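Enquirer: Counted the way mature numbering (1 follows the signal peptide of the UniProt record, and there is no 0) counts, the sequence shown spans residues -18 to -1, 1 to 196. We treat Cβ as the ideally placed atom computed from N, Cα and C, and that holds for glycine. Predicted model, so just to flag it, every value in this text is computed and none were measured.
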Amino acid sequence: MRRTAVVAAAGAAALVLAACGGSGGDGSAGHGGHAATAPSSAPSSASASASASASQGQHNAADVAFAKGMIPHHRQAVEMADLAPGRARSAEVQKLAADIKKAQDPEIRTLSGWLTSWGEDVPAEGAMDHSTHDMSGMGGMMTAEEMTGLENASGKAFDTAFTELMIKHHEGAVEMARTEQADGAHGPARKMAVEIIDSQSAEIEQMNALLGKD
């Protein structure tokens, strides 16, 4: 009985030593311990990165609405401006149309870039053809009938129609920009809104003066 107990105790001791040797000698425990501490540092690094990214380019629903609304709005203004060469009689109207296109083409590209970076869809080129009916009366967008009338006009009739319609169009853009200025979170978008308010308000004054000369 005594011999059996000694053998059993020796066997138990051997098992304990083997277990200790396995935990100390096997590198997997060390890796496991390292892996256990890694996740605790990863989230802080990820949250720091998220915070940096938020401070650099945070945006909200108002910014998205501004970009998605202003792109088709600008596209229509550019389309109107493209009608001026060959139709407008006034050199001032021709220059105004050229200035509008020069200012708004780059803004369309910038607005599209923001939407892409935010994971949002950029309004399709053809969307304007369908939206003119839905957006007429909202944001100063022209109806299909008004666009056709402008395409068919020339000389002084074109100058007057272009100027009157573009005033309404610009007033809509200024209103949209003021909404972005008040509600938006994206710094560059709010800055563009201020520039649109300033430049298009000045052009509205210019066009009202042109109409006053007739």
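Flag this pair as touching only if the stretch 68 to 83 and the stretch 153 to 165 have three or more C-beta atom pairs under 8 angstroms; answer yes or no.
Expert: Judged by pairs of C-beta atoms under 8 angstroms, the stretch 68 to 83 does not touch the stretch 153 to 165, as fewer than three such pairs exist.
Enquirer: Measuring only the C-alpha atoms, how far is Glu162 from Asp141?
Expert: Taking the first residue of the sequence shown as position 1, residue 162 is located at position 180. Taking the first residue of the sequence shown as position 1, residue 141 is located at position 159. So the two alpha carbons sit approximately 31 angstroms from each other.
Enquirer: So within the stretch 99 to 187, which uninterrupted alpha helix (DSSP H) runs reach at least 4 residues, ignoring any that extend past its ends?
Expert: The alpha helix (DSSP H) runs of length 4 or more contained entirely in the stretch 99 to 187 are, from start to end of the chain, 109 to 117, 126 to 134, 137 to 165.
Enquirer: Tell whether a beta-carbon distance below 7 angstroms holds between His151 and Ala43.
Expert: What you label residue 151 is simply residue 169 of the sequence shown in a count that begins at 1. What you label residue 43 is simply residue 61 of the sequence shown in a count that begins at 1. With respect to the 7 angstroms criterion, His151 and Ala43 are not classified as neighbours on the basis of their beta carbons.
Enquirer: On a CA-only basis, which of Met123, Thr98, Gly131, Ala85 is nearest Asp180? Give me that one, please.
Expert: For the purposes of this step, residue 180 is identified with residue 198 of the sequence shown, where counting begins at 1. Of the candidates Met123, Thr98, Gly131, Ala85, the one whose C-alpha sits nearest the C-alpha of Asp180 is Ala85.
Enquirer: Indicate whether Glu102 and His56 have their beta-carbon atoms separated by less than 7 angstroms.
Expert: In the sequence shown, residue 102 corresponds to position 120, counting from 1. In the sequence shown, residue 56 corresponds to position 74, counting from 1. Taking 7 angstroms as the cut-off, the Cβ atoms of Glu102 and His56 do not count as close.
Enquirer: According to DSSP, is Ser23 helix, strand or coil?
Expert: Counting from one through the sequence shown, the residue named residue 23 turns up at place 41. Confidence in Ser23 is poor, its pLDDT being 42 and thus under 50, which makes the residue's placement unreliable; the coordinate value appears in the next sentence. Ser23: helix per DSSP, three-state reduction.
Enquirer: Where does Ser72 land, buried or exposed, given buried means 16+ other C-beta within 10 angstroms?
Expert: Indexing the sequence shown from 1 puts residue 72 at position 90. So Ser72 counts as buried.
Enquirer: Is Val176 buried or exposed, if buried means 16 or more other CB atoms sit within 10 Å of its CB?
Expert: Position 194 of the sequence shown, counted from the first residue, corresponds to residue 176. Burial call: exposed.
Enquirer: Starting from Pro54, trace the alpha helix (DSSP H) both ways and give me its first and last residue.
Expert: Along the sequence shown, one-based indexing puts residue 54 at 72. From DSSP, the alpha helix (DSSP H) with Pro54 extends over 43 to 64.
Enquirer: From Glu146 to Gly51, what does the alpha carbon distance come to, in whole angstroms?
Expert: Locating residue 146 in the sequence shown gives position 164, counting from the first residue. Locating residue 51 in the sequence shown gives position 69, counting from the first residue. Going from the Cα of Glu146 to the Cα of Gly51 covers about 21 angstroms.
Enquirer: Determine which residues share a DSSP beta bridge with Ala79 and list them.
Expert: On the sequence shown, position 97 is the one that residue 79 refers to. DSSP, once it has assigned bridges, lists no residue as partnering Ala79.
Enquirer: Which word fits Ala171, buried or exposed, when buried means at least 16 other C-beta atoms lie within 10 angstroms of its C-beta?
Expert: On the sequence shown, position 189 is the one that residue 171 refers to. With 16 or more other Cβ atoms within 10 Å, it is buried.
Enquirer: Residues in its own chain within less than 8 angstroms of Thr19 by CB, not counting five upstream and five downstream?
Expert: Residue mapping note: residue 19 aligns to position 37 of the sequence shown, counting from 1. Here the model assigns Thr19 a pLDDT of 40, short of 50, so the residue's position is not dependable, and the following value carries that caveat. Closer than 8 angstroms at the Cβ level, and outside the excluded window around Thr19, lies no residue.
Enquirer: Using the rule of at least 16 other Cβ atoms within 10 Å of the residue's Cβ for burial, across every protein chain shown, is Gln40 buried or exposed?
Expert: As a first step, residue 40 must be located in the sequence shown, where it is residue number 58. Here Gln40 is exposed, its C-beta having fewer than 16 other C-beta atoms within 10 Å.
Enquirer: Look at the alpha carbon of Met62 and the alpha carbon of Met174, and state the distance between them as a whole number of angstroms.
Expert: Residue numbering aside, residue 62 sits at position 80 when the sequence shown is read from its first letter. Residue numbering aside, residue 174 sits at position 192 when the sequence shown is read from its first letter. Going by the C-alpha atoms only, they are around 22 angstroms apart.
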